[in-house]
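Below you'll find the structure, written out as structure tokens, and then a few comments.
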Amino acid sequence: MLKDAAKAGAVAIDGVMMLVYQGAKALEIWTGRRAPIDVMEKAVREGLKARER
Numbered sequence: 009m010l011k012d013a014a015k016a017g018a019v020a021i022d023g024v025m026m027l028v029y030q031g032a033k034a035l036e037i038w039t040g041r042r043a044p045i046d047v048m049e050k051a052v053r054e055g056l057k058a059r060e061r
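Counting in the numbering used here, the sequence shown runs from 9 upward without gaps.
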């Protein structure tokens, strides 16, 4: 399925980005302000990395 999507021009994202975009959309709905996606992604990835140690 992913290969078919890639052939059709779709871009695959990992679970981290799905989490970030879901949280960003919720933040925008609640506050009416644009969410800092880059900051949110960095925080999630750093948090996951810290749990691996």
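Virtual Cβ for every residue (Gly too), placed ideally from N, Cα, C.
All figures in this text were calculated on a predicted structure; none of them were measured in a lab.
query                                                                                             : result
Counted within 10 angstroms of its Cβ, other Cβ atoms place I28 as buried (16 or more) or exposed : Here residue 28 is Val; the residue named in the question, Ile, does not match the sequence. Buried.
Enclosing alpha helix (DSSP H) for A71 [first to last residue]                                    : As shown, the chain starts at 9 and ends at 61. That puts residue 71 outside it, with no answer to give.
For M25 and E49, the rounded distance between their alpha carbons                                 : 7 Å
I45 beta carbon less than 7 Å from that of A32                                                    : yes
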